[in-house]
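A.B. asks:
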Amino acid sequence: MYVAVKGGERAIDNAHAWLAEERRGDTDVAELSYAQIREQLSLAVNRVMAEGSLYDPDLAALAIKQSRGDLIEAIFLIRAYRTTLPRFGYTLPVETGEMACDRRISATFKDAPGGQVLGPTFDYTHRLLDFKLAADGEVPEAPVADPRMEATPHIAEFLQGEDIIEREPSSDAVPGDLTREPMSFPAGRAVRLQSLARGDEGFILGMAYSTQRGYARNHAFVGELRIGTVPVEIEIPELGFAVEIGEVELTECETVNQFKGSKTVPPQFTRGYGLVFGQSERKSIAMALVDRALRWEELGEDNLGAPAQDEEFVLSHADNIQATGFLEHIKLPHYVDFQSELELVRKLRHEAAELAETLAAREAAE
Amino acid sequence: MNTKFSAEERKGWMSLLASADEVRLAELWQEYGADPACEWLRAPEAGGVMVRGRMGGSGASFNLGEMTVTRCALSLEDGTVGHGYVQGRSKAKAGMAAKIDALMQTGAAAGLSTAVLEPLAAERKARKTARAAKAAATKVEFFTMVRGED
Numbered sequence: 008m009y010v011a012v013k014g015g016e017r018a019i020d021n022a023h024a025w026l027a028e029e030r031r032g033d034t035d036v037a038e039l040s041y042a043q044i045r046e047q048l049s050l051a052v053n054r055v056m057a058e059g060s061l062y063d064p065d066l067a068a069l070a071i072k073q074s075r076g077d078l079i080e081a082i083f084l085i086r087a088y089r090t091t092l093p094r095f096g097y098t099l100p101v102e103t104g105e106m107a108c109d110r111r112i113s114a115t116f117k118d119a120p121g122g123q124v125l126g127p128t129f130d131y132t133h134r135l136l137d138f139k140l141a142a143d144g145e146v147p148e149a150p151v152a153d154p155r156m157e158a159t160p161h162i163a164e165f166l167q168g169e170d171i172i173e174r175e176p177s178s179d180a181v182p183g184d185l186t187r188e189p190m191s192f193p194a195g196r197a198v199r200l201q202s203l204a205r206g207d208e209g210f211i212l213g214m215a216y217s218t219q220r221g222y223a224r225n226h227a228f229v230g231e232l233r234i235g236t237v238p239v240e241i242e243i244p245e246l247g248f249a250v251e252i253g254e255v256e257l258t259e260c261e262t263v264n265q266f267k268g269s270k271t272v273p274p275q276f277t278r279g280y281g282l283v284f285g286q287s288e289r290k291s292i293a294m295a296l297v298d299r300a301l302r303w304e305e306l307g308e309d310n311l312g313a314p315a316q317d318e319e320f321v322l323s324h325a326d327n328i329q330a331t332g333f334l335e336h337i338k339l340p341h342y343v344d345f346q347s348e349l350e351l352v353r354k355l356r357h358e359a360a361e362l363a364e365t366l367a368a369r370e371a372a373e
Numbered sequence: 037m038n039t040k041f042s043a044e045e046r047k048g049w050m051s052l053l054a055s056a057d058e059v060r061l062a063e064l065w066q067e068y069g070a071d072p073a074c075e076w077l078r079a080p081e082a083g084g085v086m087v088r089g090r091m092g093g094s095g096a097s098f099n100l101g102e103m104t105v106t107r108c109a110l111s112l113e114d115g116t117v118g119h120g121y122v123q124g125r126s127k128a129k130a131g132m133a134a135k136i137d138a139l140m141q142t143g144a145a146a147g148l149s150t151a152v153l154e155p156l157a158a159e160r161k162a163r164k165t166a167r168a169a170k171a172a173a174t175k176v177e178f179f180t181m182v183r184g185e186d
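Those protein sequences? They're chains A and B, same order as listed.
Quick note, the first sequence lines up with residues 8 to 373 if you use the working numbering.
Quick note, the second sequence lines up with residues 37 to 186 if you use the working numbering.
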């Protein structure tokens with residue numbers, strides 16, 4: 008039997024009105040502007056841009072305000088907005104070697120050309136709550152030194168001379184785009200990287216951690232981690248040349264991993280790669296570890312059956328919007344589904360009771 | 037109408053306009069004063085472009101994620117065509133960029149460059165230098181501890 012149920016409109020409208028009121032909170036406390044969120048909660052904004060897969064700090068800040076700080080809800084809003092934008096085209100690949108670096112460190116080469124530049128990092132802080140921030144504190148000005156304006160070379164370049172690290176083959180192949188074609192497996196490294204770059208930070212972190220704990224361990228060193236801005240260029244067909252259409256902040260991580268060699272390749276270091284919108288250091292390191300783990304097949308390594316080696320498992324579960332969509336839908340009305348389950352369980356219980364009665368009667372008779 | 041300029045120069049001013057702060061651009065554009073009549077060839081529209089990266093920073097490309105861009109095209113009364121391609125979703129900024137792109141191809145170039153582009157370029161350079169100077173102050177200077185007697 009199908010029963011159509013209507014109703015709930017008033018309850019829904021009132022729930023949304025209350026949501027708006029709760030979002031605002033105590034009106035005696037000043038309202039947050041999206042510009043305040045953009046400037047002062049910039050790492051949250053970066054996460055929403057990275058996982059929303061749309062670089063626009065103003066929109067990400069607005070989404071955070073609208074979602075009351077629920078970042079996955081904010082990412083959902085950005086993903087939904089993204090689908091309304093006409094796609095003007097694809098940019099030229101950004102040249103991270105040209106990055107204006109705010110931060111650039113290497114865990115493998117102390118004396119890397121360009122130096123170890125810490126940038127505005129949480130590293131080496133004591134992780135003690137700073138109660139001065141609770142009061143309106145004056146911000147001390149950051150010290151300055153002689154600026155270095157030339158490009159900072161990638162550290163992997165220095166190892167490539169001896170072929171002691173694998174080369175990244177360049178290619179003009181058009182990379183797959185999971186926003187255009189549904190994902191199929193094997194996905195290939197380009198689609199894997201796209202999926203990881205927009206994947207949930209927590210999930211990617213967990214997968215990366217699992218490789219460190221021994222599930223497909225790949226002995227990663229952070230060869231290089233850099234954060235800074237790069238120009239973005241696009242070919243303008245009407246002009247016949249490429250112009251810069253803006254700048255994005257990126258975090259790039261390149262890992263150097265042990266590799267014992269294979270039948271065709273002598274022992275050399277291999278690489279994992281992470282590239283993420285914004286200042287998203289944890290995510291980019293995790294992405295590089297998972298990228299490396301997923302490369303087992305092309306490097307001729309054994310499949311150890313580890314979750315982080317399973318491309319289909321990782322890519323199918325990395326997207327927090329897909330995941331939360333499916334997870335949260337089970338709280339929406341399933342009255343009819345449940346009604347049929349209820350009927351079924353009642354029937355089974357009735358049958359079980361009948362069977363028990365029959366058996367008991369037979370036993371008594373014997 | 038058209039004065040001489042190279043593709044490289046045009047690329048330079050379009051790039052500068054693309055990443056300019058909108059409020060500052062509007063200020064300089066208003067101070068410049070002239071607002072020539074023009075006709076839209078393509079009214080400003082906001083959209084997205086897919087930003088690509090390279091595996092390992094130097095290898096094959098992959099799709100990283102999108103960014104917002106607003107574009108438009110217009111023609112001045114003398115037929116000069118200007119394009120605006122700017123980061124973000126501001127139609128007003130794209131419009132200003134397209135007008136400046138058109139005017140930079142005309143006799144107005146020198147004056148416009150002095151009034152709008154040069155200040156923008158100087159401010160961009162100052163911003164980048166200030167950031168690089170802060171980064172430089174966080175560069176680690178290693179020193180070796182000598183222990184014991186040689």
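Just so it is clear, CB atoms sit at the ideal spot from N, CA and C, and this is done for glycine as well.
Per DSSP, what are the beta-bridge partners of residue 123 (chain B) in this structure?
C.D. replies: For residue 123 (chain B), which the question treats as bridged, DSSP gives the partners B:105.
A.B. asks: Check whether the segment 321-330 of chain A and the segment 202-216 of chain A are in contact - that is, three or more C-beta pairs closer than 8 Å.
C.D. replies: Enough Cβ pairs lie closer than 8 Å, so yes.
A.B. asks: Considering only their Cβ atoms, is the gap separating residue 126 (chain A) from residue 19 (chain A) smaller than 8 Å?
C.D. replies: No; because the gap between Cβ atoms is not below 8 Å, this pair is not in contact.
A.B. asks: Give the DSSP-derived three-state secondary structure of residue 107 (chain A) in the structure shown.
C.D. replies: Strand at residue 107 (chain A).
A.B. asks: Can you give the Cα-Cα distance for residue 226 (chain A) and residue 93 (chain B), rounded to whole angstroms?
C.D. replies: Cα to Cα, the separation comes out at about 21 Å.
A.B. asks: How many Å lie between residue 135 (chain A) and residue 141 (chain A) at the Cα?
C.D. replies: If you take the alpha carbons of residue 135 (chain A) and residue 141 (chain A), they lie about 13 Å apart.
A.B. asks: Counting only the same chain and skipping the five closest in sequence on each side, list residues whose C-beta sits under 8 Å from that of residue 313 (chain A).
C.D. replies: Excluding positions up to five away in sequence, the list reads 217, 218, 222, 223 and 300.
A.B. asks: What are the boundary residues of the alpha helix (DSSP H) that includes residue 86 (chain B)?
C.D. replies: Here residue 86 (chain B) belongs to no alpha helix (DSSP H); instead the beta strand (DSSP E) covers 74-90.
A.B. asks: Could you tell me the distance, in whole angstroms, from the CA atom of residue 337 (chain A) to the CA atom of residue 348 (chain A)?
C.D. replies: Each residue's Cα considered, the two are about 15 Å apart.
A.B. asks: By a C-beta neighbour count over all protein chains shown, 10 Å radius and 16 as the cutoff for buried, is residue 310 (chain A) buried or exposed?
C.D. replies: With fewer than 16 Cβ atoms within 10 Å of its Cβ, residue 310 (chain A) is classed as exposed.
A.B. asks: Say whether the segment 140-153 of chain B touches the segment 281-288 of chain A, bearing in mind that this needs 3 or more beta-carbon pairs closer than 8 Å, one atom from each stretch.
C.D. replies: No, because fewer than three Cβ pairs between the segment 140-153 of chain B and the segment 281-288 of chain A fall closer than 8 Å, the two stretches do not touch.
A.B. asks: Looking at residue 287 (chain A): is its Cβ nearer than 8 Å to the Cβ of residue 258 (chain A)?
C.D. replies: Yes, Cβ-Cβ distance for residue 287 (chain A) and residue 258 (chain A) is below 8 Å.
A.B. asks: Where does residue 352 (chain A) sit, in a helix, a strand or coil, going by DSSP?
C.D. replies: Residue state, collapsed to three classes: helix.
A.B. asks: Are the C-beta atoms of residue 123 (chain B) and some chain A residue less than 8 Å apart?
C.D. replies: So yes, residue 123 (chain B) belongs to the interface.
A.B. asks: Counting along the chain, where does the alpha helix (DSSP H) carrying residue 155 (chain B) start and finish?
C.D. replies: First-last of the alpha helix (DSSP H) with residue 155 (chain B): 154-173.
A.B. asks: Got a sec, what are the start and stop residues for the beta strand (DSSP E) residue 94 (chain A) sits in?
C.D. replies: Taken as a continuous stretch (DSSP letters only), the beta strand (DSSP E) holding residue 94 (chain A) covers 94-100.
A.B. asks: Considering only the alpha carbon of each residue, which of B:40, B:55 and B:48 lies closest to residue 130 (chain B)?
C.D. replies: The shortest C-alpha separation from residue 130 (chain B) is found at B:55.
A.B. asks: Can you tell me the Cα-Cα spacing of residue 291 (chain A) and residue 214 (chain A), whole angstroms?
C.D. replies: Rounded to whole angstroms, residue 291 (chain A) to residue 214 (chain A) spans 13 Å at the Cα level.
A.B. asks: Can you confirm whether the segment 116-130 of chain A touches the segment 132-141 of chain B when touching is taken to mean that 3 or more C-beta pairs between the two stretches lie within less than 8 Å?
C.D. replies: Verdict: no, contact absent.
A.B. asks: Relative to chain B, which residues along the segment 196-227 of chain A have a C-beta separation below 7 Å, given in chain order?
C.D. replies: Residues 196, 197, 200, 201, 204 and 205.
A.B. asks: On the three-pair Cβ rule with 8 Å, is the segment 41-60 of chain A touching the segment 262-270 of chain A?
C.D. replies: Verdict: no, contact absent.
A.B. asks: Against chain A, which members of the segment 156-178 of chain B pass a CB distance test of less than 7 Å?
C.D. replies: So the close ones are 164, 165, 167, 168, 169, 170, 171, 172, 173, 174, 175, 176 and 178.
A.B. asks: Can you pull the chain B neighbours of residue 184 (chain A), defined as C-beta to C-beta under 7 Å?
C.D. replies: Residues of chain B passing the Cβ test: 86 and 99.
A.B. asks: Residue 130 (chain A) and residue 86 (chain B) - do their beta-carbons sit closer together than 8 Å?
C.D. replies: For residue 86 (chain B) and residue 130 (chain A), no; Cβs fall outside 8 Å.
A.B. asks: I think residue 106 (chain B) touches residue 127 (chain B), with their Cβ atoms under 8 Å apart; what is that distance to the nearest whole Å?
C.D. replies: With a Cβ gap of about 6 Å, residue 106 (chain B) and residue 127 (chain B) count as contacting.
A.B. asks: State buried or exposed for residue 346 (chain A), treating a residue as buried only when at least 16 other CB atoms are found within 10 Å of its CB.
C.D. replies: With fewer than 16 other Cβ atoms within 10 Å, it is exposed.
A.B. asks: Mapping DSSP to helix, strand and coil, what is residue 238 (chain A)?
C.D. replies: Three-state DSSP puts residue 238 (chain A) in a strand.
A.B. asks: Ignore the nearest five residues each way along the sequence and tell me which others in residue 31 (chain A)'s own chain have a CB closer than 8 Å to its CB.
C.D. replies: If we look at residue 31 (chain A) and ignore the five residues flanking it on each side, its Cβ neighbours are 38.
A.B. asks: How far does the beta strand (DSSP E) with residue 116 (chain A) in it extend, from its first residue to its last?
C.D. replies: Residue 116 (chain A) -> no beta strand (DSSP E), and no H or E assigned at all.
A.B. asks: Give me whichever residues DSSP pairs with residue 256 (chain A) in a beta bridge.
C.D. replies: Answer is A:236, bridged to residue 256 (chain A).
A.B. asks: Residues of the segment 66-94 of chain A in Cβ contact with chain B at a cutoff of 9 Å, in chain order, please.
C.D. replies: Flagged, chain order: 66, 89, 92, 93 and 94.
A.B. asks: Establish whether the CB of residue 329 (chain A) and some CB of chain B are separated by less than 8 Å.
C.D. replies: Output row for residue 329 (chain A): interface = no.
A.B. asks: Do residue 115 (chain B) and residue 109 (chain B) have their CB atoms nearer than 8 Å?
C.D. replies: Going by C-beta atoms, residue 115 (chain B) is not nearer than 8 Å to residue 109 (chain B).
A.B. asks: Flag residue 47 (chain B) as yes if its beta-carbon sits less than 8 Å from any beta-carbon of chain A, otherwise no.
C.D. replies: Answer yes: the Cβ-Cβ gap between residue 47 (chain B) and chain A drops below 8 Å somewhere.
A.B. asks: What did DSSP end up calling residue 52 (chain A) once you bin it into helix, strand or coil?
C.D. replies: Of the three classes helix, strand and coil, the one that applies to residue 52 (chain A) here is helix, per DSSP.
A.B. asks: In whole angstroms, give me the CA-to-CA distance for residue 172 (chain A) and residue 133 (chain B).
C.D. replies: When rounded, the distance between both Cα atoms is 45 Å.
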